[in-house]
Amino acid sequence: DQQVKQNSPSLSVQEGRISILNCDYTNSMFDYFLWYKKYPAEGPTFLISISSIKDKNEDGRFTVFLNKSAKHLSLHIVPSQPGDSAVYFCAASEWYTGNQFYFGTGTSLTVIP
Amino acid sequence: GAGVSQSPSNKVTEKGKDVELRCDPISGHTALYWYRQRLGQGLEFLIYFQGNSAPDKSGLPSDRFSAERTGESVSTLTIQRTQQEDSAVYLCASIPARLPQDTQYFGPGTRLTVL
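If you read the sequences in order, they're chains V and U. Numbering-wise (our numbering), the first sequence opens with residue 208 and increments by one. Numbering-wise (our numbering), the second sequence opens with residue 162 and increments by one.
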């Protein structure tokens, strides 16, 4: 049972435009959310996180939005750059009560120069 | 400093054979996770080690899978009597101390192919 879902397997965006990657979850107990970026043949690397007490977290070109009522989070990349082309995974956990991180299936982002 | 390393990077084995995958976490990291990523799927939690506490094995898919970790050092994931459905990339990740601001540092993974 997939508790974290990324329904778009791929996304193409022109360089300089905004990339929006979406993620939905089913477990209302999740209280910590992360985005990871993965290049081919490498392990995922942490990008940005947000706890459930916030609805937005920003780090440079990357902003994560959390809508708890909709059980939805999104990652915005502005402006998109060709080096952002990678697979993006969202992950969620019950940080204070559980050990597991639940990952989505990933969205492959291609930024077109 | 050195990141998380995993070996081998690729492993091809025949169905029914045992395999052992190794993970060297970042020095000083107390927590270690193993994940599996099958083709076209997300990362699937397998097992979690935290210091000297009993590991959380709730993600191991069958009793053919086992993992060990001595203290806060290297971990090995063993798959006995491999099956074709075990083919996946196996990733490990370590965390300094599982504080809220910490995140997982992933190794490059071991790609396992069971023929």
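Using N, Cα and C, we set each Cβ at its ideal position, and we do this for glycine too.
For residue i: DSSP bridge partner residues
i: U:Q198; result: U:L204, U:V250
i: V:N214; result: Beta-bridge pairing links V:N214 to no other residue.
i: V:I280; result: Per the sequence presented here, residue 280 of chain V reads as Leu, with Ile not at that position. Per DSSP, V:C230, V:L273.
i: U:K236; result: Inspection of the sequence shows that residue 236 of chain U is occupied by Ser rather than by Lys. Beta-bridge pairing links U:S236 to U:C184, U:R230.
i: U:V173; result: U:T274
i: V:A298; result: V:L241, V:F310
Contact list for residue i against chain V, beta-carbon separation under 7 angstroms
i: U:G232; result: Those within 7 angstroms of U:G232 in chain V number zero; the least Cβ separation is about 18 angstroms.
i: U:G270; result: G250
Within chain V, partners of residue i - CB distance below 9 angstroms
i: U:T274; result: The contacting residues do not exist; U:T274 stays about 15 angstroms from chain V at best.
i: U:L252; result: G250, P251
Contacts around residue i, its chain only, beta-carbon distance under 6 angstroms, and the 5 residues preceding and following it disregarded
i: V:P320; result: E222, P289
i: U:F226; result: I240
i: V:L228; result: L282, Y295, T314
i: U:K178; result: T243
i: V:L273; result: I257, D262, L280
Own chain, CB closer than 8 angstroms to residue i, minus 5 neighbours either side, in chain order
i: U:T174; result: V180, T243, L273, T274, V275, L276
i: U:L221; result: L207, I208, S227, A228
i: V:P216; result: T312, G313, T314, S315
i: U:V235; result: R183, C184, D185, P186
i: U:K176; result: T243, Q244, Q245, V275, L276
i: U:K172; result: V180, L182, T271, R272, L273, T274
Neighbour list for residue i in chain U, Cβ cutoff strictly below 9 angstroms
i: V:A293; result: Within chain U, no residue comes near V:A293; the closest Cβ sits about 13 angstroms away, beyond 9 angstroms.
i: V:L241; result: T264, Q265
i: V:G267; result: Within chain U, no residue comes near V:G267; the closest Cβ sits about 16 angstroms away, beyond 9 angstroms.
i: V:F296; result: G203, L204
Beta-carbon neighbours of residue i, restricted to chain U and to distances below 8 angstroms
i: V:Q307; result: F206, Y209, D217, S219, G220
Per-residue contacts from residue i into chain U (C-beta, under 7 angstroms)
i: V:P251; result: F267
Span of the beta strand (DSSP E), counted from its first residue to its last, around residue i
i: V:D266; result: 263-266
i: U:V275; result: 271-275
i: V:S315; result: 314-319
i: U:Q245; result: Careful: U:Q245 lies outside any beta strand (DSSP E) and carries neither H nor E.
i: V:S258; result: 252-258
i: U:S166; result: 166-168
Residues of its chain near residue i, where Cβ-Cβ distance is below 7 angstroms and the 5 sequence neighbours each way are ignored
i: U:R197; result: E205, L207, A249, Y251
i: V:Y246; result: A293
Requested in this report: Output, in sequence order along the chain, the residues in the segment 186-203 of chain U whose CB is closer than 9 angstroms to any CB in chain V.
Outcome: Answer in chain order: A192, Y194, Y196, Q198, G201, Q202, G203.
Query raised in the report: What residues from the segment 308-320 of chain V come within 9 angstroms of chain U, judged by C-beta to C-beta, listed N to C?
Result: Answer in chain order: F308, Y309, F310, G311, T312, G313.
Query - Residues of the segment 255-287 of chain V with Cβ closer than 8 angstroms to any Cβ of chain U, in chain order - result: For the segment 255-287 of chain V, which is checked against every Cβ of chain U, the residues closer than 8 angstroms are S256, S258.
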